[in-house]
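Q: The structure follows.
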């Protein structure tokens, strides 16, 4: 079941980013700039561990049906999922025909088995893509708060596109917070990719972690925990649609941009 409400918000860009994109154009009639094709990224936080208070809202397995439905309805080229379970991601990938990579999050020193029901694999984050995945990389941040490790995950498709996700700590965005340290480390990870790159994830903060020359888009137009899911990229400046979800406590963010062919 898909809820009908959709809010639309524009990407947030700095003056420097606006000049950057203006100078590179959108691939139509700008010298030798390669043609660009539409690229759609769907970001969702699924609250699937079975331990969090938001899990009751998922009405499992209804959240899986909603996720598959949103992927298909938006014709997403890539999907980033936070608070997911490995076997649920495998099921979503099978139902959509997408390729996937999963990064296990360590909890109290070990992988966390998802529950209610059991048999859904372990807790973590995922990236799914229509294109085949050539390689993937994930690693923990240098710090985390509480008992849950935080990691980033990036995949590189056969077309040379990088799609990344992460789920940052919840201790606020003061300069000395764990979240802010992770934010700075995430910015470096993205800046160092060296390819067309797009990121989306639940960063649990309102100020951006984007490196220089990357745009920032958020779910600020959403109804549930607005402003803390972000997308960053060095593709064409995007538009953002925030879709009100039924079976999770975060709305879905749809980022529409253009990528080199």
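Numbering (this note's numbering), first residue to last: 225 to 485.
Just so you know, even glycine gets a beta-carbon here, dropped at the ideal spot from N, CA and C.
If I'm right that residue 378 touches residue 429 with Cβ under 8 Å, what's the distance once you round it to whole angstroms?
A: Actually they are not in contact, since the Cβ atoms of residue 378 and residue 429 sit about 20 Å apart, beyond 8 Å.
Q: If the criterion is Cβ atoms closer than 8 Å, does the pair residue 347 and residue 338 meet it?
A: yes
Q: Quick one: what does DSSP say residue 458 is sitting in, helix, strand or coil?
A: coil
Q: Start and end of the beta strand (DSSP E) containing residue 267?
A: 260-269
Q: Rounded to the nearest angstrom, how far is the Cβ of residue 405 from that of residue 352, given a contact under 8 Å?
A: That belief does not hold up - the Cβ atoms of residue 405 and residue 352 are roughly 28 Å apart, past 8 Å.
Q: If you follow the alpha helix (DSSP H) that residue 171 is in, where does it begin and where does it stop?
A: Look at the range of the chain in this structure, 225 to 485, and you will see that residue 171 is not part of it.
Q: Please specify which runs of the alpha helix (DSSP H), each continuous and at least 4 residues long, are wholly inside the stretch 394-442, giving them in chain order.
A: 402-415
Q: Report yes or no: do three or more beta-carbon pairs, one from the stretch 327-337 and one from the stretch 259-267, lie closer than 8 Å?
A: Too few Cβ pairs lie closer than 8 Å, so no.
Q: Within 10 Å of its beta-carbon, does residue 375 have 16 or more other beta-carbons around it, so buried, or fewer, so exposed?
A: buried
Q: Less than 7 Å between C-beta atoms, sequence neighbours within five positions excluded: which residues of the same chain meet that for residue 471?
A: Same-chain partners within the cutoff: 281, 282, 283, 286, 287 and 290.
Q: Measure the alpha-carbon distance for residue 313 versus residue 340 and round it to whole angstroms.
A: 16 Å
Q: What are the boundary residues of the beta strand (DSSP E) that includes residue 479?
A: 476-484
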